[in-house]
Amino acid sequence: MIDIKLLEKKAENGQPSYFDLYKKGLENRGADTSILDQIMDLNRKRKELITQAESAKANQNKASQEIVILKKQGQDTSSLIAELGKISATVKEMETKASEVDQEVYNLLLTIPNRPHESVPYGKGSEDNKIEKTVGEKTVFNFKAKEHWELGEKLNIIDFERAGKVTGTRFAFLKGAAARMERALIQFMMDLHSQNHGYTEMIPPFIVNSQSLTGTGNLPKFKDDLFHLSGSDYFLIPTAEVPVTNYYSQEILNETDLPKKFCAYSPCFRSEAGSHGRDTKGLIRQHQFNKVELMVFAHPNQSHELHEALTSHAEEVLSQLGLPFRRMLLCTGDMGFGSAKTFDLEVWLPGQNEYREISSCSNFEDFQARRANIRFKSQGGKPQFVHTLNGSGLAVGRTLIAILENYQTEAGTVKIPKVLQKYMGIEEIKI
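Every position in the sequence shown, counted from 1, becomes a number in my numbering once 3 is added.
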């Protein structure tokens, strides 16, 4: 969320104003910039109404004082009292209008995306994203690689048909070794991040209210992507990012306690409203999936350094599992709504013969903190907004997909990565 006070500041020392910088940032995103002008026009109107209300209040106070004096003198005050009533009505009307305009400004501010960091490359879409590095060689077989859904069905460990009967499309039953692998992956990821990377484990509520979703930027823009519990202010979480970010909403942290780092496991629920016809087969795009989320509350001076660290922690999961991947720096036109800078990790899927996203690691700077009112304070200093960072560490279902496709054998079995063998108690999934 933008600080409107910064938008109001004039340009200084020949430098562009914050308004101009933000407008340029929105242009680079391909976003509508006219909304900034609407906000500034409304803000001027709000200030005019406040000035009018304050002027009317001054007249109100003056009239009240005159009435007191006239009453002491025994003079008739009826006309002045009538005038005071009119002034009071004017004050109330101006204050109500100012409040309505203020709410209108706030509602518009909620719809504006974050400004890209200066290090983010300009681009219009995913084709303009930058490959930062590639780790591991693409898995190549001397046989035709199967896709994960074919492997899952032949090994009798994934059942899409019965899930369709029980619920509908974009759901699956994991059975036997697949269910065990899903559970093993969650434990492996949580162990790695909590024991090696210094994150505090957390299992959050899987249901949140609208205020929490507004704080992270999911509402109002992405309402159609959410599962709403009818007749309530509750929603199923699309990611653990929502409850964990709001863990400190409306709070002021001590500067000395930063950074605060959490790793959270949760199921995630998404309507996939904008994904009609995409990835309809398999586990890639499900309405319900498991994910381990990494979350950091950072000092503004450290957030970009910590963003690199968080991304490397997600990368280590892939490295320890022996999965080939690449890191992408997203361009301005492909970034998420609230992000100032995002790295996507894409894992190689030989069955699909392409890289697919398995983690998105973002620095939101103060965008979410301003919406959720999460601040920190140094001793003797004024409260400032923290920077929030998060990333998948990793999406569990997509990690399972990557293992099935990269560790498949010509015989149709799937070998288990060494780091998972102690969790699963087997070395290979067989028919």
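No residue lacks a Cβ here, since even glycine has one placed at the ideal position from N, Cα and C.
**Q.** DSSP three-state assignment for residue 120, whether helix, strand or coil
**A.** Residue 120 falls in the coil class under three-state DSSP.
Q: Note down the Cα distance separating residue 270 from residue 259, rounded to an integer number of angstroms.
A: When the Cα atoms are used, residue 270 and residue 259 turn out to be separated by approximately 32 Å.
Q.
Looking at the secondary structure, which residues open and close the beta strand (DSSP E) in which residue 360 lies?
A. Residues 357-366.
Q. From this set, 29, 38 and 328, which residue's C-alpha is nearest residue 137's C-alpha?
A. Minimum Cα distance to residue 137 is reached at 328.
Q.
Using 8 Å as the cut-off, can you tell me whether the segment 294-301 makes contact with the segment 384-403, which would need three or more C-beta pairs spanning the two stretches below that distance?
A. Touching, yes.
Q: Could you pull out every unbroken beta strand (DSSP E) segment of at least 3 residues lying fully inside the segment 94-145, listed in chain order?
A: If we require 3 residues or more, the beta strand (DSSP E) runs fully inside the segment 94-145 come out as 133-138.
Q: Specify, as a first and last residue, the run of the alpha helix (DSSP H) that residue 398 falls within.
A: The continuous stretches of alpha helix (DSSP H) do not include residue 398, which lies in the beta strand (DSSP E) extending over residues 390-398.
Q | Sub-8 Å separation of residue 239 and residue 209 beta-carbons | A | Contact: yes.
Q | Beta-carbon proximity list for residue 316, same chain, < 7 Å, skipping 5 on both sides | A | Closer than 7 Å at the Cβ level, and outside the excluded window around residue 316, lie 196, 200, 297 and 396.
(Q) Beta-carbon within less than 6 Å of residue 22's beta-carbon, same chain only, minus the 5 sequence neighbours each way: which residues are those? (A) Excluding positions up to five away in sequence, the list reads 10.
Q: For residue 329, write down the residues that DSSP places opposite it in a beta bridge.
A: Beta-bridge partners of residue 329 (DSSP): 137 and 349.
(Q) Spatial neighbours of residue 303 within its chain, please: C-beta separation below 6 Å, excluding the five flanking residues on both sides. (A) Beyond the five residues adjoining it in sequence on each side, residue 303 comes within less than 6 Å, by CB distance, of 390 in the same chain, given in chain order.
**Q.** DSSP state of residue 62 mapped onto helix, strand, coil
**A.** Residue 62: helix per DSSP, three-state reduction.
**Q.** Beta carbon of residue 7 nearer than 8 Å to that of residue 115
**A.** Their beta carbons are not under 8 Å apart, which means residue 7 does not touch residue 115 by this criterion.
Q. By DSSP, does residue 160 sit in helix, in strand, or in coil?
A. If DSSP states are grouped into helix, strand and coil, residue 160 belongs with coil.
Q) So, residue 107 versus residue 45, is the Cβ gap smaller than 8 Å? A) Taking 8 Å as the cut-off, the beta carbon of residue 107 is found closer than this to the beta carbon of residue 45.
Q.
Quick check: what's the CA-CA separation for residue 75 versus residue 378?
A. If I take the Cα positions, the gap works out to 53 Å.
Q: Label residue 56 either buried or exposed according to how many other C-beta atoms from any shown protein chain fall within 10 Å of its C-beta, with 16 as the threshold for buried.
A: With 16 or more other Cβ atoms inside 10 Å of its own Cβ, residue 56 counts as buried.
Q) Would you report the Cα separation of residue 113 and residue 72, rounded to the nearest angstrom? A) A straight line joining the alpha-carbon of residue 113 with that of residue 72 spans about 50 Å.
Q: Could you please give the first and the last residue of the uninterrupted alpha helix (DSSP H) stretch that includes residue 31?
A: It spans 21-32 - the alpha helix (DSSP H) in which residue 31 sits, taken as one unbroken run.
Q | One or two residues paired with residue 267 in a DSSP bridge | A | Paired residues: 205 and 296.
Q.
Between residue 421 and chain B, is any beta-carbon pair separated by less than 8 Å?
A. Note that chain B does not occur in the displayed structure, where there is just one protein chain.
Q. Ordered along the chain, which non-local residues of its own chain (more than five positions away) have a Cβ less than 7 Å from that of residue 241?
A. Beyond the five residues adjoining it in sequence on each side, residue 241 comes within less than 7 Å, by CB distance, of 221, 228, 229, 271, 272 and 273 in the same chain, given in chain order.
Q: Using 10 angstroms around the beta-carbon of residue 251, count the other beta-carbons present and answer buried if the total reaches 16, otherwise exposed.
A: Counting C-beta atoms within 10 angstroms of its own C-beta, residue 251 has 16 or more neighbours from the protein chains shown and is therefore classed as buried.
**Q.** Unbroken beta strand (DSSP E) run spanning residue 373, endpoints
**A.** From DSSP, residue 373 is part of no beta strand (DSSP E) but of the alpha helix (DSSP H) over 370-375.
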